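Visitor: Protein sequence lines correspond, in order, to chains G and F. Numbered per the numbering used here, the first sequence spans residues 1 to 112. Numbered per the numbering used here, the second sequence spans residues 113 to 227. Below are the structure tokens for one structure; questions will follow.
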Amino acid sequence: DTEVTQTPKHLVMGMTNKKSLKCEQHMGHRAMYWYKQKAKKPPELMFVYSYEKLSINESVPSRFSPECPNSSLLNLHLHALQPEDSALYLCASSQATVYGYTFGSGTRLTVV
Amino acid sequence: DAKTTQPNSMESNEEEPVHLPCNHSTISGTDYIHWYRQLPSQGPEYVIHGLTSNVNNRMASLAIAEDRKSSTLILHRATLRDAAVYYCILSRRAYSGGGADGLTFGKGTHLIIQP
Chain G
1 DTEVTQTPKH
11 LVMGMTNKKS
21 LKCEQHMGHR
31 AMYWYKQKAK
41 KPPELMFVYS
51 YEKLSINESV
61 PSRFSPECPN
71 SSLLNLHLHA
81 LQPEDSALYL
91 CASSQATVYG
101 YTFGSGTRLT
111 VV
Chain F
113 DAKTTQPNSM
123 ESNEEEPVHL
133 PCNHSTISGT
143 DYIHWYRQLP
153 SQGPEYVIHG
163 LTSNVNNRMA
173 SLAIAEDRKS
183 STLILHRATL
193 RDAAVYYCIL
203 SRRAYSGGGA
213 DGLTFGKGTH
223 LIIQP
């Protein structure tokens, strides 16, 4: 299995809702990442997990809460989002820089 | 992170080679040069990466200048499916412990392929 799987593919949520994005990989990669990508912009790094521990948080608002329950799973919990948080949320994994990164196809999030 | 500079867009014809340039004059000795591409409505896709020597794989070739201040991604025979945004990214060698820092994307080059 050489894929990063993200669910759901699309999500529409209200500003008072709580929802979660899920990311899964079975390549044995020990680093996992969340990125946010607005339309016609490059992806922006949000969080890095290394060996299931949060190692980088790029000053992301607390309404985004990451979780890494085990080495194969990465979640992003969403609460009280704003319409400007609407974007494509991408998950990625890597073994190390020397081996490259594998990205999922993303979750298209719309906040209404 | 060291920055990269790429042209905003390039155009090429189908079945011809494409050379995508990238300047990274502030690259450090431990920076890997990565290339990713992103097709519309998809996540970025790994293309190739290297440190000092030229690299080849089934998708492309990476030519790295001797001083490492620039590199060129070469698509040997472009097809319409190669139309995408191509990102040249520098990434530090993973620190001990097996972790990684994540990739910092620039604006990339929008490659247009004409039939």
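Ideal Cβ positions, reconstructed from N, Cα and C, are used throughout, including at glycine. Note that the structure is predicted; figures quoted are calculated from it, not measured.
Give me the chain G residues within the contact set of residue 157/F, using Cβ-Cβ distance strictly less than 8 Å, ordered along the chain.
Guide: Those within 8 Å of residue 157/F in chain G are 103.
Visitor: Using 10 angstroms around the beta-carbon of residue 143/F, count the other beta-carbons present and answer buried if the total reaches 16, otherwise exposed.
Guide: Buried, since its Cβ has 16 or more Cβ neighbours within 10 Å.
Visitor: Hey, residue 105/G and residue 141/F: beta-carbon distance below 7 Å or not?
Guide: Contact flag unset, no.
Visitor: Measure the C-alpha to C-alpha separation of residue 19/G and residue 46/G and round it to an integer number of angstroms.
Guide: Those two C-alpha atoms are separated by around 17 Å.
Visitor: Output needed for residue 126/F: all residues of its chain with C-beta closer than 8 Å, excluding positions within five of it in sequence on either side, in chain order.
Guide: 190, 191, 192, 225, 226 and 227, listed in sequence order.
Visitor: Since residue 194/F meets chain G, which of its residues come closer than 8 Å, beta carbon to beta carbon?
Guide: Per Cβ cutoff of 8 Å: no residues; residue 194/F is ~18 Å from chain G at best.
Visitor: Tell me whether residue 85/G sits in a helix, a strand or coil according to DSSP, three-state version.
Guide: The answer is helix: DSSP assigns residue 85/G an H, G or I state.
Visitor: Quick check on the burial criterion: 16 or more other C-beta atoms within 10 angstroms. Buried or exposed for residue 51/G?
Guide: Exposed, by the Cβ-count rule.
Visitor: Which residues does DSSP pair with residue 22/G in a beta bridge?
Guide: Beta-bridge pairing links residue 22/G to 7/G and 75/G.
Visitor: Any beta carbon of chain G sitting closer than 7 Å to that of residue 219/F?
Guide: Closer than 7 Å: yes.
Visitor: Any idea what DSSP makes of residue 54/G, helix, strand or coil?
Guide: Residue 54/G: strand per DSSP, three-state reduction.
Visitor: Would you say residue 127/G lies against chain F (beta-carbon separation less than 7 Å)?
Guide: Past the boundaries of the shown model lies residue 127/G; chain G is included only from 1 to 112, so the question cannot be answered.
Visitor: Using a C-beta cutoff of 7 Å, does residue 214/F count as contacting chain G?
Guide: Chain G contact via Cβ: present.
Visitor: Check whether the stretch 211-223 of chain F touches the stretch 30-44 of chain G, taking contact to mean three or more Cβ pairs, one atom from each stretch, closer than 8 Å.
Guide: Touching, per the Cβ criterion.
Visitor: For residue 179/F, count the other beta carbons within 10 Å of its own beta carbon; 16 or more makes it buried, fewer makes it exposed. Which is it?
Guide: Label assigned to residue 179/F: exposed.
Visitor: Residues of the stretch 49-61 of chain G in Cβ contact with chain F at a cutoff of 8 Å, in chain order, please.
Guide: Against chain F - using a Cβ distance shorter than 8 Å - the residues of the stretch 49-61 of chain G are 50, 51, 55 and 56.
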